[in-house]
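Undergrad: Got a structure for you, questions after.
In the numbering used here, the protein residues as written are 164 to 502.
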């Protein structure tokens, strides 16, 4: 049976494809495929017209390869997405002394790699799509966590000028909707005068109603502690409409960021639970519903690693070795050849 190796070099707006058969026999010249629906259909038709078994390989670079891999996989072809470092290290040139770097040359090199690694290629699947989605979610999660931290620091900075230390009154974790007790407190008692201008009894009554409305557990001793501290504080900003507006805005921005973070956290755990490696990762010591999906997003299928060193190499911190003849270097810098 004929073997058709299709190497695809993917870029942002187009891909370049080369088709080879055993012995390096080219099936036509490498050709460009714009990332448009009609051009994808033409590529699919062209590949289907090939006699024999066909396997398609591309580098899993960034996000550009994903729609190409998905489209060809859904068309029924065997598709494999490989680490770019593997292709880079593959000596698939006619003359390895010349360094040629063009889209067409890269597509031919990928096609040669396809022939050379034919039996060991891993097929792209729905699980790969889920892992890709999980990785995108994790990037967004990381972005919004940084945004949340910035919004938190901004609110604390403003609060220190209107109600010093109020952010430290509570340390309860965020709820599922992203709300936080100390933020809710500042949203209501945005200035120290909102507390100390009331009598102790009036504040405790107001504080208890606030607790009930927010569905927190009321503590009279905590209310008395807050009131006592408020009496000795000296704010920088006055209790006026401007101060209220900027603090309320800061609270709204932090709540929005917190809500997004918690939604992403929940969605990541839900997505990760659909992957086969989920039980193995969650069984690791110290791994919970937040860290587990993040590990899976960055590492991928952990079950494919046969030993600890394989994970280390994948991460790009593989300890180097430099031995030659009688020379043996004792301390070698870690390599950076990872995913």
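Backbone N, C-alpha and C fix where the C-beta goes; we use that ideal spot for every residue, glycine too. Treat the numbers as computed from the prediction; the structure is a model and nothing was measured.
Per DSSP, residue 189 is paired with what?
TA: In the DSSP output, where bridge partners are listed per residue, residue 189 has 183.
Undergrad: Thinking residue 337 and residue 366 are a contact (beta carbons under 8 Å), I'd like their distance in whole angstroms, please.
TA: So it is not a contact: roughly 26 Å between Cβ atoms.
Undergrad: Does the count of Cβ pairs from the region 276 to 286 and the region 194 to 202 closer than 8 Å reach three?
TA: Touching, no.
Undergrad: For residue 332, I'd like the list of residues in its chain whose CB is within less than 7 Å of its CB, leaving aside the five on either flank, ordered along the chain.
TA: Here the set comprises 345, 348, 389.
Undergrad: On the three-state DSSP scale, how would you describe residue 178?
TA: In this structure, residue 178 counts as strand in the three-state DSSP scheme.
Undergrad: Fully enclosed by the region 393 to 471, which alpha helix (DSSP H) runs are 4 residues long or longer?
TA: List check, alpha helix (DSSP H) in window: 404 to 435, 441 to 445, 454 to 462.
Undergrad: Out of 174, 202, 208, 215, point me to the one whose CA is closest to residue 225's CA.
TA: The candidate whose alpha carbon is nearest that of residue 225 is 174.
Undergrad: Taking 7 Å as the threshold (C-beta atoms), are residue 354 and residue 325 in contact?
TA: Against a cut-off of 7 Å, the Cβ pair of residue 354 and residue 325 comes out as a contact.
Undergrad: What is the DSSP secondary structure of residue 218, reduced to helix, strand or coil?
TA: The answer is strand: DSSP assigns residue 218 an E or B state.
Undergrad: Please report the straight-line C-alpha distance between residue 372 and residue 378, rounded to a whole angstrom.
TA: Cα to Cα, residue 372 sits roughly 10 Å from residue 378.
Undergrad: When the distance is taken between beta carbons, is residue 232 closer than 7 Å to residue 242?
TA: Yes; because the gap between Cβ atoms is below 7 Å, this pair is in contact.
Undergrad: Excluding the 5 residues preceding and the 5 following residue 304 in the sequence, name in chain order all residues of the same chain whose CB lies nearer than 8 Å to its CB.
TA: Here the set comprises 424, 427, 428, 431, 457.
Undergrad: Helix, strand or coil: how does DSSP classify residue 197 here?
TA: Residue state, collapsed to three classes: strand.
Undergrad: How should residue 201 be labelled, buried or exposed, when 16 other C-beta atoms within 10 angstroms of its C-beta is the threshold for buried?
TA: Counting Cβ neighbours within 10 Å, residue 201 comes out exposed, since fewer than 16 surround it.
Undergrad: Entirely within the region 328 to 369 and at least 4 residues each: give me those alpha helix (DSSP H) ranges in chain order.
TA: Counting only runs of 4 or more, we get 344 to 351, 356 to 359.
Undergrad: Quickly, what does DSSP pair residue 253 with across the bridge? List them, please.
TA: Residue 253 is not bridged to any residue.
Undergrad: Alpha helix (DSSP H) containing residue 304: first to last residue?
TA: Residues 289 to 325.
Undergrad: From what residue to what residue does the alpha helix (DSSP H) around residue 269 run?
TA: Start and end: 266 to 279.
Undergrad: Does the beta carbon of residue 167 come closer than 7 Å to any beta carbon on chain B?
TA: The question asks about chain B, but that chain is absent: this structure has only one protein chain.
Undergrad: Does the Cβ of residue 343 have 16 or more other Cβ atoms within 10 Å, making it buried, or fewer, making it exposed?
TA: The residue is buried, with at least 16 neighbouring Cβ atoms inside 10 Å.
Undergrad: In the DSSP assignment, find the alpha helix (DSSP H) that holds residue 236 and state where it starts and stops.
TA: Element bounds for residue 236: 228 to 237.
Undergrad: Could you tell me if residue 359 is buried or exposed, where buried requires 16 or more neighbouring beta carbons within 10 angstroms of its beta carbon?
TA: Buried is the call here.
Undergrad: Would you call the region 234 to 241 in contact with the region 182 to 189, where contact means no fewer than 3 C-beta pairs closer than 8 Å?
TA: In short, these stretches do not touch, since the Cβ pair count stays below three.
Undergrad: For residue 335, count neighbouring C-beta atoms within 10 Å of its own C-beta (all shown protein chains included) and say buried if the count is 16 or more, exposed if not.
TA: When all chains shown are included, residue 335 counts as exposed.
Undergrad: Please work out which residues of its chain come closer than 8 Å, Cβ to Cβ, to residue 339, disregarding the five sequence neighbours upstream and downstream, and give them in chain order.
TA: For residue 339, where only same-chain residues beyond five positions count, the Cβ hits under 8 Å are 425, 429.
Undergrad: Out of curiosity, what's the CA-to-CA distance linking residue 392 and residue 407?
TA: Cα to Cα, the separation comes out at about 21 Å.
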